[in-house]
């Protein structure tokens, strides 16, 4: 498996908007380790990594993607947005928005850390919207190794406000409501994210060292959608309402003429 060549094909699809039926047999990752190797090669092309996403943290998502467990994906700084920034609506293969609990790290929690050690390494919990995407024509049939090569469907990311006192919150019972264009679209809670977003965070901290990767100070980890995702479009407006914790929103613009890379 040629991870560098796989990364080149995925990055070209990312930049041009064309989609892959799948990676050619001679560069297609055969297992999760090879998928992560291709993902590392993609980071050499895409530029600085701003953090990580965790795909398939809900039962529905694992069934949808036909994978047995969650998948880690690097997120890139060039696709990271503040809440006040208009977001190019170019995540059209999947074309959805997901409300998520995200965590910013101040330290590397180390290899095989306890849950407490992971939480101690966190600087802040922030409210977020992820805009996943895929460079495959049919990401549902890609399989785990190819999805990992494609950074587990990473796309754009909108970072909202920090939440004080997050360690003491009952995140599994925290209600989340997703609004699209002024209308309620879906409801959920932190329980959808592997039972608790903090448990998803611990999973990632344990998983990355198995692939020679690690969490670094400044990394932001978004842990998975807390509601069913809603569709997005140019001119659209999405609000993720986390109740008493606050909300985060994103407005989408036509990417034509917008420089993103």
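Residue numbers (the numbering used here): 2 to 262.
Cβ coordinates follow ideal geometry from the N, Cα and C atoms, glycine included.
Here the structure is a predicted model, which means the values were calculated and not measured.
Along the stretch 164-213, the beta strand (DSSP E) occurs as fully enclosed runs of 3 or more residues at 176-181, 184-190, listed in sequence order.
Contact annotation: residue 159 and residue 222 have beta-carbon atoms that are not nearer than 8 Å. Ranked by Cα distance from residue 182, the first of 23, 10, 98 is 98. If you draw a straight line from the Cα of residue 90 to the Cα of residue 84, it comes to about 15 Å. DSSP places residue 240 within a strand segment (E or B) once states are collapsed to three.
Secondary structure note for residue 100: it is in no alpha helix (DSSP H), and the uninterrupted beta strand (DSSP E) holding it is 97-106.
For residue 73, DSSP records a beta bridge to 55. Sorting 164, 32, 150, 240 by C-alpha distance to the C-alpha of residue 76 places 150 at the top. If you ignore the 5 residues before and after residue 164, its C-beta comes within less than 6 Å of the C-beta of 126, 246, all in its own chain and listed in chain order. In the DSSP secondary-structure assignment, residue 89 is bridged to 254. With a beta-carbon spacing of about 24 Å, residue 111 and residue 78 fall beyond the 8 Å limit used to define contacts. Put simply, the backbone Cα of residue 179 is about 23 Å away from that of residue 256.
In the structure shown, residue 153 adopts helical secondary structure according to DSSP, grouped into three states.
Within the same chain, and ignoring the five residues on either side of residue 140 in sequence, the residues whose Cβ sits closer than 8 Å to its Cβ are 66, 94, 95, 148, 151, 154. Residue 162 sits in a strand when the DSSP states are folded into three classes. Residue 105 is positioned such that its CB atom lies no closer than 8 Å to that of residue 121. Around residue 229, the same chain offers 187 as residues with beta carbons nearer than 6 Å, after the five sequence neighbours per side are excluded. A distance of 8 Å or more separates the beta carbons of residue 30 and residue 8. The C-beta distance from residue 132 to residue 157 rounds to 4 Å, short enough to meet the 8 Å contact threshold.
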